[in-house]
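Residue numbers (our numbering): 599 to 894.
Built from N, CA and C at the ideal position, the CB exists for glycine as well.
Heads up: the structure comes next, in C-alpha cells.
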Amino acid sequence: MDVSIIIVNFNSSGYTINCIDSIYKFTKDLSFEIIVVDNQSKPEDVKTLESHLKIADFTLIKSKENLGFGGGNDLGYQHASGNHLAFVNNDAELTENSLLQLLHYSQSQPKVGCIGLKQVNEDGHPFKYSFRQFIDLKYHLFDQKKPVKYYSNLYNSDLSEPFTVDLVSGAFMFFKTEAYKKCGGFDPKIFLFYEEMDICLRLKKQGYITQYYPKSTFIHYMGKSSGNVAIKREFTVSYLYVIKKNYSTLYYQFLRFILILKYGIKSIFKPKKHLIPFKIALKGGDSLRFSMRAKG
C-alpha cells in the first residue's frame, strides 16, 4: 500500500464526505486506503457517514470518546498499512493528484520526513500559515514581528520549488510511515492545537526535515469542524505543554515567565483577549487538567 489517508470527523460529516469524494476524484496511479476516525459525533452524523460507505470505499472507525486531533489521527494510524501517511483535515478538499506528486517527491528525498502543501480558500486565495517557524523563546524575544513580514512575503510569492521549514499546517501533513513511527507520532495527550509544532520538533530530533511543497494546492475550508470551544484556553494549554515536553525545565520556566509578563500587561488593556492566556500561564497551564478533554 502506497498511502494511508487518515481523516478525523467530529459532527461535520458533510465536509468529510466532500473530502473523501475529492480524494477519489483526483487520486490516480497509486494504491491508497482511506481511514475515517469519528470522534464520538452525534448519532445522526455517524449515520450519514455510514450511508456513504455504500458509495465510497473507506474504513470507518468509531471512537468511544472524543480523542481530539492528535489522538484521533493516531487511532487512524494504528489501522493504517501504507508506506506513507496523509493526515488530512476533513474540511480539506483536493483539486489535483497531489498524493502522487508527494509520493514521488518523498521517495526521492530520504531525509524528508514530513511534507505540507499550499492551502487556499474556496476563492483560491492563499492562506497564511501553510508553514511557519517554531514559536519558541527566540520568537517571543526577538522575531515575533520579523517572521510575520518574512513569511507573508513568501506566501504571496510565486514559489516554484520545495524548501525546508520548521513546520507545516496540520490541515495536510504527508509523512513517511517510518519517520512518523520513529518520532512517536502525534501525541494523543494534546487535544487540540500545536500538534504540528510538537511532531515536527520530534522529527527534527530524529534527523528528519520538514518541507513545504508549493507545486500542489488544496482547498481548506478553515476551521469548519472546530465548533464553539474555549479556543484561547486550549491554545495556551497545548502550547505550554509542548514547550515543557520538548525543551529543558529552565527554558520552559523562562518562556512561561515571558508569557506571564506579556499577557499580564496586555490583559490590562484587552482583558477579553488576553486574560485567559494570562491565567493559564500563571497557573502553570502545561497541566492537561486545564484541557477541553479534561472538562469533557
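The bridge partners DSSP lists for S728 come to none. Between S814 and L735 a beta carbon distance of about 34 Å is seen, past the 8 Å cut, so the two are scored as non-contacting.
Among the bridge pairs identified by DSSP, A684 is matched with I603 and F772. It is roughly 27 Å from the alpha-carbon of F852 to the alpha-carbon of G805. Within the segment 841 to 885, the complete alpha helix (DSSP H) segments of 4 residues or longer fall at 847 to 867 and 869 to 881, listed in chain order.
A Cβ-Cβ contact shorter than 9 Å links L799 with V840. The segment 621 to 694 is shown to contain whole alpha helix (DSSP H) runs of 4 or more residues at 641 to 650 and 666 to 675, in chain order. Within a 10 Å sphere around the beta-carbon of F855 sit fewer than 16 other beta-carbons, which makes this residue exposed.
For H702, the enclosing alpha helix (DSSP H) begins and ends at S696 to S706.
A buried status is given to L765, since no fewer than 16 other beta-carbon atoms sit within 10 Å of its beta-carbon. Taking C-alpha positions only, S620 is separated from Q809 by approximately 24 Å.
Excluding five sequence positions before and after C781, the CB atoms of its chain that fall closer than 8 Å to its own CB belong to G711, I797, R800, L801, K803, Q804 and Y806, given in chain order.
Contact between T834 and A879 holds: their C-beta atoms lie close to 6 Å from each other, under 8 Å. Rounded to whole angstroms, the separation of the alpha carbons of D600 and K881 is 46 Å.
In terms of Cβ geometry, I604 and Y675 form a close pair [threshold 9 Å]. Bridge partners of I807 according to DSSP: V710. Cβ atoms of N695 and F770 stay farther apart than 8 Å, at about 14 Å. In the same chain as L647, and ignoring 5 residues on each side of it, the C-beta atoms closer than 7 Å to its own belong to N607, S611, T614, V634, D636 and L658, in chain order.
With a threshold of 16 other beta carbon atoms within 10 Å, T762 falls short and is exposed. In the DSSP annotation of this structure, the continuous segment of the beta strand (DSSP E) that includes F761 starts and ends at F761 to V763. Looking at the DSSP output, F816 shares a beta bridge with L692 and Q717. Residue pairing by DSSP places V766 opposite F729 in a beta bridge.
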